[in-house]
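Student: Supplied in structure tokens, the structure appears directly below.
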Amino acid sequence: MKGVTLDQLRTFCDVAALGSFSAAAERAGLTQPAVSLQIRMLERRLGVRLIERLGRRAQPTPAGRDLLLHAGRIGDEFAEALAALAPHRAGTVGRVRIGTGATACIYLLPSLLRALRRRLPGLEITVETGNTDVILDRLAANALDVALATLPISGRSFHLGPVYEDELVAVAPPGTALPPRVGAALLADKPLVLYEAGGSTRRVIDRWFARAGRTPKPVMELGSVEAIKELVGAGLGWAVLPRLAVSAAEGRGRVVVRPLSPRLSRTLAVVLRRDKRLDRGLRAVVDALSGLASDGVSAPARRPRGAAPRTGG
């Protein structure tokens, strides 16, 4: 019933068990008037008399005895509920939903997720991939808890923490003779296999061509970096891809890789809703994402900007 508190029920159980308001007050660390007030408020809320005095002893009325049958179980159930919540407070269980692009998912997250699973085995972490706009829409709708996405990102509702700078490079079929650095003029004349239009990385690439006065005319546009690599490796085109995604293929001689001139990179940021409360599980994931550059694969991007989200529990 509205207005009945666990403290009132606990006090009632103590009075009934000890037969004394003063003894119940001593057990609870309260004054006797405070105990009497709690009993009166409970009786008023329930609309029945619960305790009566017989001589010097306080005893439950028939209604009080009926309530005792349930009040103890209520207290026990609540204690069990608190025990169940303890791992959530400690951040050792719960669920964190991450959104990111396919490249980051394949090449950045596996070792990070493996370390988090070892440290927090009860924390369920799910990963959803998509282009930046889709991921941000899901984040804004609170269908995701945190994103690792490509800048620039607009919107005052997000807190951005740039953490990882990933160089974009020219990728050509195996055996291709290339200069030490590749410019937009050379690339624009080649059959290009690019990211599909509309994604953040594609916009970064298009702006790079535009600054050189060139417009890329791709023969294919795909959403999968792995598919693009395979097509380039098969001699069906050239590409601009994150170095992160092509280093292994370059080492095996499956593609030829060169830096772009001028240099081009994309910045990945940890993105959260500004009003997102960080429990300990989410904080652990955010801290891990923010530490991506510590592996030495890439230098850290500029420091985070904007007010930090609220931390809870």
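Here the sequence shown is numbered in full-length UniProt numbering, starting from 1 and rising by one per residue. Where a beta carbon is used, it is the ideal one built from N, C-alpha and C, also for glycine.
#1: Could you check whether the region 233-249 touches the region 136-145, counting it as contact only if at least three pairs of C-beta atoms, one from each stretch, sit closer than 8 Å?
#2: Can you give the beta carbon distance from residue 146 to residue 282, rounded, assuming they're within the 8 Å contact cut?
#3: For residue 22, I'd like the list of residues in its chain whose CB is within less than 6 Å of its CB, leaving aside the five on either flank, ordered along the chain.
#4: Between the C-alpha atoms of residue 341 and residue 285, what's the straight-line distance to the nearest angstrom?
#5: Under 8 Å, do residue 109 and residue 103 count as touching if we go by C-beta distance?
#6: Following the continuous beta strand (DSSP E) through residue 52, name the residue where it begins and the one where it ends.
#7: Indicate the three-state DSSP secondary structure (helix, strand or coil) for residue 60 in the structure shown.
#8: Which whole-angstrom value describes the C-beta separation of residue 6 and residue 78, a residue pair presumed to lie in contact below a C-beta threshold of 8 Å?
#9: Confirm, please, whether the CB-CB distance from residue 126 to residue 106 is below 8 Å.
#10: Which residue or residues does DSSP assign as beta-bridge partners of residue 220?
#11: According to DSSP, residue 149 sits in a beta bridge with which residue or residues?
#12: Leaving aside the five residues before and after residue 270 along the sequence, list all residues of the same chain whose C-beta is less than 7 Å from its C-beta, in chain order.
#13: With DSSP as the reference, label residue 247 as helix, strand or coil.
#14: How long is the line joining the alpha carbons of residue 140 and residue 273, rounded to whole angstroms?
#15: Do you know offhand how far residue 175's Cα is from residue 233's?
#16: Using only the alpha-carbon positions, how far apart do residue 121 and residue 153 sit?
#17: Consult DSSP for residue 118 and reduce its assignment to one of helix, strand or coil.
#18: In terms of residues, what are the limits of the alpha helix (DSSP H) holding residue 186?
#19: Just verifying my parser: in three-state terms, what is the DSSP assignment at residue 108?
#20: DSSP state of residue 48, grouped into three classes?
#21: Do you know how far the Cα of residue 20 is from the Cα of residue 11?
#22: Taking the C-alpha atoms as reference points, what is the distance between residue 26 and residue 128?
Tutor: A quick look at the data gives this:
#1: Taking a contact to require three or more Cβ pairs closer than 8 Å, the region 233-249 and the region 136-145 do not qualify as touching.
#2: So it is a contact: roughly 7 Å between Cβ atoms.
#3: Here the set comprises 32.
#4: For the chain, the structure presents residues 1 to 313; residue 341 sits outside this window and is missing.
#5: Result no, Cβ atoms of residue 109 and residue 103 do not sit closer than 8 Å.
#6: Counting along the chain, the beta strand (DSSP E) containing residue 52 begins and ends at 51-54.
#7: Here residue 60 sits in strand by DSSP.
#8: That pair is a contact at about 6 Å.
#9: In this structure, residue 126 does not lie closer than 8 Å to residue 106 by Cβ.
#10: Residue 220 is bridged to 193.
#11: 269.
#12: Excluding sequence neighbours, residue 270 sits near 146, 148, 161, 163, 286, 289 and 290.
#13: Per DSSP, reduced to three states, the secondary structure at residue 247 is helical.
#14: One C-alpha to the other measures close to 7 Å.
#15: Cα to Cα, the separation comes out at about 10 Å.
#16: Taking the straight line joining both Cα atoms gives about 33 Å.
#17: Helix.
#18: Segment 184-188, the alpha helix (DSSP H) holding residue 186.
#19: Correct three-state label for residue 108: coil.
#20: Coil.
#21: Cα to Cα, residue 11 sits roughly 11 Å from residue 20.
#22: About 55 Å.
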